[in-house]
Structure formats: C-alpha cells, structure tokens
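So that you can map any letter, position 207 of the sequence shown is 205 in the working numbering, and since no number is skipped, the others follow by simple counting. Below is one structure, written out as structure tokens, with a few remarks after it.
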Amino acid sequence: MAEFTTGEAVALELPIARIPSRAGAFLLDLLIQLTLAATLIFLATALLTAFDADEAWWAVAGIVTLVTVLVAYPVCSETLSRGRSIGKLAFGLRVVRSDAGPIDFRHALTRGLTGAIVDFWMLGAFGAVAVITSLCSREGRRVGDVLAGTVVVHTRQNLPVPALVMAPPWLSAWSAQLDTSVLSDELAGSVRQYLTRLRTLSPAAQQHLGSQLVVAVCTAMRCQAPTGYPPYHVLGAVLARRQQLARA
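Here it is, written out as structure tokens:
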C-alpha cells in the first residue's frame, strides 16, 4: 500500500502494482500489439504490392507500423480508458497521477514514448530497464512513470471522489487571486483536517487552531489574510481555490 495526497488534500491508500501483475498485463498487451503489427504488415504488403510501390513507400510503411504498434497503441488505450490498457484492465491495474488523479493524453504520451525508447525496446533491453527501475523504486515506477509523474496501482474499483469545499461567496474575489500551488501537501492536509473536525472542536480550539493555520497558509502564499472573518471562512476559501486549480 502507498499513500497518495490528492489535489483536494485528501489522503488515499492504494495498493501498488508490482512486477508480476504488471508483467502479466504487459504480455497481454504485447500479444495484442503483435496481432496489430501482423494485421498492419499484411495490409501494407497488399497495398504496396498492388500499386508496385518503390522502396521509399516500404520504408514509410515500416515506420508507420512500428510507431503505431509501439507508441500509438499504449498512448491511445491509456488515454481513452483513463489509465487502463486492455492488459491492465484484465489484471485490474490502472495508471494514475502521483496525486491519484486520472491521467490524460500528456501522461500517456510520455509513458508511451519512454516505454518505446528507454524502458522496453530501443534502449530497454526488452524490458530489463523497466524491471530494474521498478525494483529500485519504492512505488514500483519505471522510467516512464517517473518522467510522467504517474504510478500504476492495483485496483478493480473506481477511485474515490473526495468531497469538495465551497468558498464563502464574500471571499471568492480574494481567493480567486491566490496561488495555492505553493502550499505543501502536508499543510493543505492539515487545513482539510481542521475543516473536517471543526464541529468537534470547542470555540476556543476553533479560533486558536484556525488562526495558526491561517498564518501558516498566508505566509506560504505570501498574501495578507482578510480581516473580520473567522478562520474557517478563510481556510475554506483557500482550500476551495486549491481544489479548483487541481481540477482545472
């Protein structure tokens, strides 16, 4: 198990996918890629032979087939399924961001290109690089995962969707100018924990802990806290802004 801190400052524990399950998913995807390659080669051979194409067209067909099989397949499958190729789907695996959020095309492209060049094929010694880097990583990350900022987890369930914080309307204009990306995950987690436990705290504890968190948060963001509002209003506006930026 590994703990992830989401963009909404929620701590999640998800099981990390290790080499045996990832190898099984890889072999299934490899079988699909070989089938795709054979199909493309058959079609290209038939077309080029029919049109009596020269060597340049044969070279183009070879490159297109290679890129389609080694890069386009993993990139398209992981992008369209939000982190699950056919092999990963069969083995209950999913690629997620380092904050446990779903990946997009940029993450899938980075993983696909790195897999083709570094982890598996061109420089990867048929997967030796991927295996070695996964063994050396606490989270089982290969080079493509490190560059893309992703982790492969073992889960057959949808990722939990954390509750969102609503900013007080009277602080929306102030919070819209904040750069909450400078807040550490630990500080954001403390803010969310304070807001979650707010009703269990005494008024004195609410004021004391809230004031300390407001000072810490505004110091980190280098801004001045609005006056005349209780701490939980200010912290709620800050966390709502962080969630908005994380989901953008």
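C-beta: ideal position from N, C-alpha, C; glycine also. If you're wondering where the values come from, they're calculated on a predicted model, not measured in any experiment.
Taking the Cα of Arg190 as reference, the smallest distance to any Cα among Leu237, Ala203, Arg197, Ala214 is reached at Leu237.
Taking Pro229 as the centre and dropping the five residues before and after it, the same chain places the C-beta of Gly208, Ser209, Val212 closer than 6 Å to its C-beta, in chain order.
Below 8 Å, too few C-beta pairs join the stretch 124 to 138 and the stretch 193 to 202 to call them touching: fewer than three.
The three-state secondary structure of Leu25, taken from DSSP, is helix.
Between the alpha carbons of Thr153 and Asp177 lies a gap of roughly 33 Å.
Contiguous alpha helix (DSSP H) elements confined to the stretch 16 to 94 occur at 17 to 48, 53 to 65, 71 to 78, 84 to 88, taking only those with 4 or more residues. Here DSSP, grouped into helix, strand and coil, assigns Pro201 to helix.
Membership of Val141 in any beta strand (DSSP E) is not indicated; the residue belongs instead to the alpha helix (DSSP H) covering 141 to 146. Around the CB of Thr131, 16 or more other CB atoms lie within 10 Å, so the residue is classed as buried. When the beta-carbon positions are compared, Ala35 and Val58 stay at least 8 Å from each other.
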